[in-house]
Structures are given as structure tokens and as C-alpha cells.
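Chains as they are written, first to last, in the working numbering: chain A, 1 to 337; chain B, 338 to 674.
Please read the structure below before turning to the comments.
This is the structure we're talking about:
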């Protein structure tokens, strides 16, 4: 069945059913922070904050068919997971936990209802794991499919930001990088690479796990400078440097590449680790003694990968293992290039 | 200049400048409710609620090029206004005032930078008038243009909802309907209609004014059942009836058609008033004595237009001036039809 057969109102009812199931299954008890007074299905939703001093976070992220994903490389259920994951990652980067999600779907009229159901199943999975709740949204006809998620979070401390990196700080990562870009490339070049290492990379691309617990560890231990790695390590570090008015060196041999990356891409693994996107680990900076203490608390895979300097603001220099250097300013993945 | 010449990061910087101007110009003092601790430009934004018991509203709405608007009928500046207006209207319908906006733009790479500037100028205008602030968003390349706004509001009383209409209630409107649909039709049939009456309708289509003050009057006077009219009076009333498990009669001769509508569309004005969309007035229900008191407080144009009954839930019957009736169940504007 296509959504044009069902019509908007039939689809809205189905989606509300799917959403309610996710709420029943997953809802953490937010009663110490807020209570829901109007749920999904009205002009809007409403929550009342039960105590003073709650800090709420707001973020939004969009995925467009053919630009950020294709149905070949991202099945519908994984698309649902990823669309929420990128937002949960932003909340994690500020030291928060996920709370309330508004889901906007732009869909061609010939979209299969079963595909939309899969999309919501993926959203439900990640909401259950990370304590998010869908409280509203919008569904519209669009010649090109897109998913926009707006997510709130609750900060458990002072939100970590991009503007507080200082010369003398070390640069840390909460986990390995390059796995997602490697997985995408493995799918696109599927004749060239296969096997369990490639499969691991594909799963890393399709089911990224936002580093919420890691973000909680950072903020609880005094880190105030962090962001998530979504557009690639070097480029995201350049953004953080730019926001803070500082520069950075990355020590290439310290970068924790995904464990399966070198086996699948023996020549390009370091480039994928440095410049690949959608890693959703956290990048943070701290004074050496704070960094050392925090590293002892983070899971395996976390690493100190460089240092903040007083060079030209926004400039990132990658120091290669062979002693050469290359400059990597804030070019980033240009969404309009 | 096209946005592909400027690149994502250049565009993001421009947009942040435009957004900051709007904040400086417009910000109401929200300090009794919240203070902003992280503003636009980081992984997300953050506000801290300074007192307990604040009720926050959440809504989102999307406009897709060629589906919800065209550049012929909606210039960029008006598009910016309308994209936020529809969300402010949802907040108004719950008895709230607008607060924080997340703006997502999906744009083809050949979009002119000046057009994006106009879009933000329209958003800035309505934010200034209605006290909203842009605190974040996302910009992505998309083969089809779209604007998604997620908006929070602050409720000033118990949020009004769609589920509390009861048999015996009268049905009220806070203002006239049909003007927006008439304006759109006047533009599409521009050879057939012109003159100042048609121009009034066009302005009503392009610059709808959300009924925030009216919503404040309703909630302050004990109304608990309301929604905004976005898909057409009859269809939206059917949705309200469906959510409340009741039916309704509309007295066609009582419906406040836009003052310019009959002059421009002498044959179809009532159909436009009953079934045209994007009016953004508020529809509400109340016991007769409450309705009577509230009507005395609302601006000219407000009217009592019908009654809630215990008929088949979700059924709306339009009673015509000539004594005939027609049934109008909850068909609505089917976004996927």
C-alpha cells in the first residue's frame, strides 16, 4: 500500500499508534524534571517543568534523500535510527540526555506505508535506548524525501560549548573515527570489499551510537569545551577552533581509527579517520591534568589526539607519522558544494 | 550570487548575522521565565528556566516548494513570514506566546543568496512582532526547496486542546475566514480579478497574522477547547470534533467571511470561507454563557458560528442559509492526495 492510498489522516493515525507504542515501551521517568500535559496529536505538545533551574537543550538536523542518504546504503529502519541519532549526538556533545522529539517527514505520495512503518520502528528503537520521546511532528507531501528531527535535551550540568578551547589544552576523542565513512565506501565499492570487517564498518555507518554516557562523563568531570564529530574529525576540530579563536595540531598516529578500517582500506584508512563524516563521537579539549583524569574514566577507544595552539584561528595542522605536516583549514563538508 | 558560490560556511555566517540582528531588534524580556545560556551557533542552544511551573509548548510545521507555495504566489520575504506564522498560530491556539525557533532550510545549490536574505528578513519581521527568537537550525542542499520551523511557546495558562469540546458548547471563531484562499485564487486567476479588494485578499494570503492576543483572551477567560484554522474551517472543526468524540453544526450565514471576499468571488465566497485553508484564526468551543462573555472581549470579526452536538463523532454538518444542509465529514486537505 502507498501512502497516497491511505491519505494523510489515515497515515497520521497509524503514526500516532506507532509513536504511542514507543512511549509505552521506553519512557524513562522524567517526573523529577517535567510532566507532559499535552501529548502528540494536538496543535502542539506541552510539558510543565516541575522545578526551577532546569536547563533545556534544543537542536535540529535534517537528512535529504539523494544528498545525505540513499535507499541503497541506508534501509528505512536505519534511516529512522540515524535521523534521531545525529540529534541525540548534538545533545550528548553539550553534556545532556535526550528528551522530546518533533518528527517532520517529507514524502513522495507513492512511498510505501510499510517503509514509513520501518522508519518509525528505527526511531522507536533509538528512542527506547536513549530515553527520547516523540511528542509531535508534521507529515507533508514532497517530491524528494526528507526527515527533519528537532530534539530537546536536558542538561545535567553546565552545557559544554565550542567557544572555550584554549591554547595549552589537549584535544580528546571519546571513541574511534572513520568507521562510518568506511562503511559507506564499502557499500559503494561493494565488489572490491567484503567480509566481516567491512560488515562492521557498514553497521557503524547504519547504526551510529551517540556518545551520551561519554558526554555525561565529560560534563561531570569539569570539561566545558566539546562538540560532536559529524562532518569529519579535522573539519569539526577546525570549527571548534574557529569558534574559540584558536588553532590545533592533530597527531595523526594518535587518531583512533575504527578497528576494522585498516584491514578494509589499507591505503586510505587514515584519510577516512581524519576526514570521514558521521562518526558521532565527541571531540573535547581540556587542560592536560583534567584530560588525564577524564581519559581514565572513558571506555576503550578514547584517545588524546592533539593540542590547541595559539596559531591562526580556525587552522588545523595534521602532523603525519613520517614527520611531514599538512594544513587543514576549516573547509569542511560543504553542503552546497 | 548563488549559495553554491558562497558555500555552506559562508552562508551559515551570513545567516547568523541576520539572525543576531533580529534578536537585538526584537527580544522581549523573557527573564522572568528563562535565560539563554547557549545561543545560536553551537551544537545546540540552551535555556535555563528560572522558576518552577513553566509550561512550554512545542510545535513544528513545514512548507515545500510546489506543494505548499510557489515563488509566483509567495515572494521569499512572505515565505519567511508564513513559515513562522503557521507555527506561532499553533502556539496561539494553545493559549501561549511564541518563544524559540529552530529554522531548517532545504535549498537547491543555485538558490540566490539575496533570496535567502529576503526569507530571513520576513522571519525577522514576524519574530519582532510576536516575540519569537531564532536560536538555531540547519541548512542543507535539497533538489526541492523546503522550510521547516520548530517553535516553542510559553503557555500563560492551562493549554487549550482539541479534546474537550462537549455537546451543548457553542462554536466560536476569533476572526474572519476565506481571505487567504481567496487571495491565492485571485493570484492564480489574475486576469479575472483585480482591484483593491483582491489586493486585500492577496495580503491576507501572504501575511497572515496569528491570533496570539485572541488566544490569550480565550485562555484567560476559561476556554479550554481550541485549535487554529489552517486546513479550512469545516475540516478543522471536523478534526476537533473527532478528537473530542462529538459532532458539530455550522450555521453558514453566521460564518464571518473575509470582508473583501464577496466582492471578488460573488458566487464562491461561502465555499472559500468554509473550506479555504491558511486562515490562522482560532476555532474554539464553550458553554453559551462563557461564549457570550468572551465574544464581548474579542475584536471585530469574531463570531459564534455553530454548535457542538452528540452526533456521529467527527461529523460536521453545514446548515445553509436557504434551509438545506450538507454533510461535511473530516475529509480535510489531504496532503498526500
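Each residue gets a CB set at the ideal place from its N, CA and C atoms; glycine is no exception.
Sequence-distant residues of its chain with Cβ nearer than 6 Å to residue 314 of chain A (five each side left out): Only 238, 241, 242 and 330 meet the Cβ criterion.
task: Using a cut-off of 9 Å between C-beta atoms, extract the partners of residue 408 of chain B located in chain A.
output: Within 9 Å Cβ-Cβ: nothing; residue 408 of chain B doesn't reach chain A, min ~15 Å.
- prompt: Mind checking residue 615 of chain B: buried by the 16 CB within 10 Å criterion, or exposed?
  reply: Around the beta-carbon of residue 615 of chain B, 16 or more other beta-carbon atoms lie within 10 Å, marking it buried.
Runs of beta strand (DSSP E) lying entirely within the segment 602-654 of chain B, each at least 3 residues, in chain order: 619-623 and 640-646, all fully within the segment 602-654 of chain B.
- prompt: Between the segment 465-473 of chain B and the segment 504-511 of chain B, are three or more C-beta pairs nearer than 8 Å?
  reply: With contact defined as three or more Cβ pairs closer than 8 Å, the segment 465-473 of chain B and the segment 504-511 of chain B are not in contact.
message: I want to see whether chain A comes within less than 8 Å of residue 479 of chain B, judged by CB atoms only; does it?
response: Between residue 479 of chain B and chain A, the shortest Cβ-Cβ separation is below 8 Å.
query: Which residues mark the beginning and the end of the beta strand (DSSP E) in which residue 473 of chain B is found?
result: Residue 473 of chain B -> beta strand (DSSP E) spans 470-478.
- request: State the DSSP-derived secondary structure class of residue 669 of chain B, mapped to helix, strand or coil.
  value: Annotation note: pLDDT 45 at residue 669 of chain B (below 50); position unreliable, no value reported.
Close-in-space but distant-in-sequence residues of the same chain around residue 670 of chain B (CB under 7 Å, 5 per side omitted): Because residue 670 of chain B carries a pLDDT of 44, less than 50, the predicted location of this residue cannot be relied on, and the following value inherits that uncertainty. Cβ neighbours of residue 670 of chain B beyond the five flanking positions: 568, 569, 572 and 614.
task: Could you tell me whether any Cβ in chain B is nearer than 8 Å to the Cβ of residue 147 of chain A?
output: Residue-level contact by beta carbon fails for residue 147 of chain A and chain B, as no gap is shorter than 8 Å.
Whether residue 443 of chain B touches residue 418 of chain B by CB criterion (8 Å): Going by C-beta atoms, residue 443 of chain B is not nearer than 8 Å to residue 418 of chain B.
message: Within 8 Å of any Cβ in chain B, is that where the Cβ of residue 123 of chain A sits?
response: Answer no: the Cβ-Cβ gap between residue 123 of chain A and chain B never drops below 8 Å.
- request: Rounded to whole angstroms, what's the CA-CA distance from residue 493 of chain B to residue 556 of chain B? Just pull it up for me.
  value: Each residue's alpha carbon lies about 8 Å from the other.
message: With H, G and I counted as helix, E and B as strand and the rest as coil, what does DSSP make of residue 350 of chain A?
response: As shown, chain A starts at 1 and ends at 337. That puts residue 350 of chain A outside it, with no answer to give.
field: Inter-residue spacing [alpha-carbon to alpha-carbon] between residue 660 of chain B and residue 527 of chain B
entry: Between residue 660 of chain B and residue 527 of chain B, the C-alpha separation is close to 34 Å.
- request: Would you mind telling me which residues of chain B sit closer than 7 Å to residue 58 of chain A, beta carbon to beta carbon, in chain order?
  value: Here the neighbours are 381, 382, 437, 439, 472 and 473.
query: Nearest to residue 464 of chain B by CA position, among B/502, B/478, B/500 and B/415, is which residue?
result: Here the closest residue by C-alpha is B/415.
query: From the beta carbon of residue 49 of chain A, is the nearest beta carbon of chain B less than 8 Å away?
result: Residue contact check for residue 49 of chain A against chain B: a CB pair falls below 8 Å.
- prompt: Under a Cβ-count criterion, where at least 16 other Cβ atoms within 10 Å of its own Cβ denotes burial, should residue 19 of chain A be classed as buried or exposed?
  reply: Using a 10 angstroms sphere on the CB of residue 19 of chain A, the tally of other CB atoms reaches 16 or more, which defines it as buried.
query: What's the call for residue 655 of chain B, buried or exposed, on a 16-neighbour Cβ count within 10 Å?
result: Residue 655 of chain B is classed as buried because its beta carbon has at least 16 other beta carbons within 10 Å across all chains shown.
field: residue 561 of chain B vs residue 495 of chain B beta-carbon contact at 8 Å
entry: Taking 8 Å as the Cβ cut-off, residue 561 of chain B and residue 495 of chain B qualify as a contacting pair.
- prompt: What residue from A/261, A/264 and A/270 has the CA that sits closest to residue 250 of chain A's CA?
  reply: Ranking the options by Cα distance to residue 250 of chain A, first place goes to A/270.
- request: List the residues of chain A whose Cβ lies closer than 8 Å to the Cβ of residue 524 of chain B, in chain order.
  value: For residue 524 of chain B, no chain A residue has a C-beta closer than 8 Å to its own C-beta; the minimum C-beta separation is roughly 21 Å.
task: Drop a sphere of 10 angstroms on the beta-carbon of residue 70 of chain A, count the other beta-carbons inside from all chains shown, and report buried for 16 or more, exposed for fewer.
output: Around the C-beta of residue 70 of chain A, fewer than 16 other C-beta atoms lie within 10 Å, and the residue is accordingly described as exposed.
message: I'd like to know if residue 417 of chain B contacts chain A, where contact means its C-beta is closer than 8 Å to some C-beta of that chain.
response: Output row for residue 417 of chain B: interface = no.
Residue 603 of chain B: contacting residues in chain A (beta-carbon distance under 9 Å): Chain A residues near residue 603 of chain B: none, gap ~32 Å exceeds 9 Å.
query: Which residues in chain D sit within 8 Å of residue 390 of chain B, going by Cβ to Cβ distance?
result: Note that chain D does not occur in the displayed structure, where the protein chains are A and B.
query: Using DSSP with H/G/I as helix, E/B as strand and the rest coil, what is residue 252 of chain A?
result: In the structure shown, residue 252 of chain A adopts helical secondary structure according to DSSP, grouped into three states.
query: Should the segment 398-406 of chain B be called in touch with the segment 371-382 of chain B, which here means at least 3 C-beta pairs below 8 Å?
result: Verdict: no, contact absent.
field: residue 267 of chain A classed as buried or exposed, judged by whether at least 16 other C-beta atoms fall within 10 angstroms
entry: Exposed, by the Cβ-count rule.
query: If we ignore side chains and look at the alpha-carbon of each, how far apart do residue 342 of chain B and residue 203 of chain A end up?
result: Each residue's alpha carbon lies about 35 Å from the other.
- prompt: In chain B, which residues lie with their C-beta within 7 Å of the C-beta of residue 228 of chain A?
  reply: Per Cβ cutoff of 7 Å: 380.
- request: Determine, using beta carbons only, whether residue 177 of chain A and residue 281 of chain A come nearer to each other than 8 Å.
  value: Taking 8 Å as the Cβ cut-off, residue 177 of chain A and residue 281 of chain A qualify as a contacting pair.
message: Quick test of the definition: if touching needs 3 or more C-beta pairs under 8 Å, does the segment 516-525 of chain B touch the segment 535-549 of chain B?
response: They touch, by the three-pair rule.
query: Which term fits residue 206 of chain A, buried or exposed, when burial requires 16 or more other beta carbons within 10 angstroms of its beta carbon?
result: Buried, because 16 or more other Cβ atoms sit within 10 Å of the Cβ of residue 206 of chain A.
query: Can you tell me whether residue 499 of chain B is buried or exposed, with buried defined as 16 or more other CB within 10 angstroms of its CB?
result: By the 10 Å Cβ count, residue 499 of chain B comes out buried.
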